[in-house]
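Heads up: the structure comes next, in structure tokens.
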Amino acid sequence: MPVEEIAGSLLGGIGRFIAWMFVDLLFHTIILGTGHLVLSVLAPKREPSENACAAAGLITWALIALTVFGIYRATLA
Numbered sequence: 024m025p026v027e028e029i030a031g032s033l034l035g036g037i038g039r040f041i042a043w044m045f046v047d048l049l050f051h052t053i054i055l056g057t058g059h060l061v062l063s064v065l066a067p068k069r070e071p072s073e074n075a076c077a078a079a080g081l082i083t084w085a086l087i088a089l090t091v092f093g094i095y096r097a098t099l100a
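Just so we're aligned, residue 24 is where the sequence shown starts under the numbering used here, counting upward by one.
If you want it as structure tokens, here you go:
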């Protein structure tokens, strides 16, 4: 019985680590990177904060998704 608990804890920890790495990589590279790029184009003389980059990145990707969905719906008709 203890071997199963140890193996379960170990696999759970490895799974959480992989999920954390994936989310961290996804968030920092895609969302924050996009937000930093957008804000540096809009306001080149100011260094944007991490919160501003996150908001701008999320808004940018939401607009991209809505645009792609709109194009998809327009081509179906």
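Glycine included, C-beta positions come from ideal geometry on N, C-alpha and C. All values reported here derive from a predicted model rather than from experimental measurement.
| Asked | Found |
| --- | --- |
| Leu65 versus Gly31: straight-line alpha-carbon distance, rounded | 49 Å |
| Heavy atom of the ligand ADP within 8 Å of Val64 beta-carbon | Among the components modelled here there is no ligand, and therefore nothing to report on the ligand ADP. |
| Euclidean distance between Cα positions of His51 and Arg39 | 18 Å |
| With 16 other Cβ atoms within 10 Å as the buried cut-off, status of Leu89 | exposed |
| Arg96, enclosing alpha helix (DSSP H) - first and last residue | Glu73 to Leu99 |
| As assigned by DSSP and simplified to three states, the class of Leu69 | Here residue 69 is Arg; the residue named in the question, Leu, does not match the sequence. Coil, per DSSP. |
| Exposed unless 16 or more other CB atoms sit within 10 angstroms - verdict on Gly58 | buried |
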